[in-house]
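Notes to accompany the following structure.
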Amino acid sequence: MSKAADSGAKARKRARRIIAGLRKLYPDADCALTHNNPLQLLVSTILSAQSTDETVNKVTPVLFKRYRTAKALAEAPRDQVEELIHSTGFFRQKAKSIQGACRKIADDFAGRVPDSMADLLTLPGVARKTANVVLGTAFGKNEGLVVDTHVGRLATRLGLTWSSKNSKDAVKIERDLMEVIPRKDWTFVGHALIWHGRRVCAARKPACDRCALAKSCPSAEAIDRC
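If you're matching positions, the sequence shown starts at 717 in the numbering used here and goes up one per residue.
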């Protein structure tokens, strides 16, 4: 058996225990971005880059009240959009991406956010992470796993990825997670790992002493450096 195959087999066994633990800890784990439809979720996810969900959730009520459709957002004066989303950071690039995506949605998809990975990836500002969020949360389609900083960090610490020695290669980490986690659990696991990363397994000082997943975590043996 190859090293990769051996790592995958061990990770699959560990993943089953971890998923059971996450189900018990966070049975209601869901996306923290406030939204009422796929368009709002798409825009919110673009805004969340290099920002916090709390900041985005303060900005979007006003944005969505003023611009209710993809066409309306696409045709809005750029400076007004930038002003509304300014606090999320990188507001010029985000405004460009949002309006570009909305223009394509209005022109090519009859004003509706597409529900396939291939189509979503044609939208300006949309890569796999954003597409996975929209597909999993808005459409209930498990096409991949969201790998943000929390998921990358926890996947590494929990021994669910072996292609990368750190949590920075999202593509490799997603590939590994898709191998060891059953497809039906992909969306839930993404949300639950984010919740656990925010509440327990912090980047600098993980609370291994009170972590319910510690028995399944290879890193928990060294609490000081988890």
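Backbone N, C-alpha and C define an ideal beta-carbon position, used for all residues, glycine too.
No experiment lies behind these values; they were computed from the predicted model shown.
Neighbourhood of residue i by C-beta, 6 Å cutoff - its chain only, sequence neighbours within 5 removed
i: E859; result: M833, L851
i: V916; result: A923, C927
i: K726; result: none
i: T903; result: G852, N858
i: S767; result: T804, G805
i: N848; result: G860, V862
i: G816; result: P840
i: P934; result: G875
i: V905; result: I897
8 Å contact criterion, which residue i and residue j should meet: CB distance rounded
i: V810; j: I801; result: Looking at the sequence provided, one finds Lys at residue 810 rather than Val. Between I801 and K810 the Cβ distance is about 6 Å, and since that is below 8 Å, they are a contact.
i: G737; j: V896; result: The pair is not a contact, with the Cβ atoms about 15 Å apart (cut-off 8 Å).
i: H907; j: D746; result: 6 Å
i: S764; j: L749; result: 6 Å
i: T838; j: I762; result: Not really, about 15 Å apart at Cβ, beyond 8 Å.
Proximity below 9 Å, CB of residue i to CB of residue j
i: V734; j: L874; result: What sits at residue 734 in the sequence shown is Ile, not Val. Yes.
i: R844; j: E890; result: yes
i: K781; j: C818; result: no
i: A876; j: D892; result: In the sequence as displayed, the identity of residue 876 is Leu instead of Ala. Result yes, Cβ atoms of L876 and D892 sit closer than 9 Å.
i: I785; j: L755; result: Checking the sequence shown, residue 785 turns out to be Thr, not Ile. In contact: T785 and L755 (Cβ atoms closer than 9 Å).
i: V863; j: L758; result: no
i: G841; j: K812; result: yes
i: L789; j: I814; result: yes
i: H751; j: A886; result: no
The alpha helix (DSSP H) enclosing residue i, as first and last residue numbers
i: G913; result: 902–915
i: A886; result: 886–896
i: D835; result: 833–836
Close beta carbons around residue i, own chain, < 8 Å, minus the five adjacent residues each side
i: L909; result: L738, H866, V867, L870, A871
i: V775; result: L763, L800, I801, S803, T804
Own chain, CB closer than 7 Å to residue i, minus 5 neighbours either side, in chain order
i: R958; result: Within the shown structure, residues of the chain are numbered from 717 to 942, placing residue 958 beyond reach of any answer.
i: C731; result: Here residue 731 is Ala; the residue named in the question, Cys, does not match the sequence. Around A731: L876, V896, I897.
i: D901; result: I735
i: R728; result: V896
Please give me, in chain order, every unbroken run of the alpha helix (DSSP H) with length at least 4 that falls completely inside the region 844–884.
As summarised for the region 844–884, the continuous alpha helix (DSSP H) elements at least 4 residues long and confined to that stretch are 844–849, 865–873, given in chain order.
Quick one: which unbroken alpha helix (DSSP H) runs of 4-plus residues sit fully inside the region 742–824? Chain order, please.
Fully enclosed alpha helix (DSSP H) runs of 4 or longer: 754–763, 769–782, 786–791, 794–801, 807–824.
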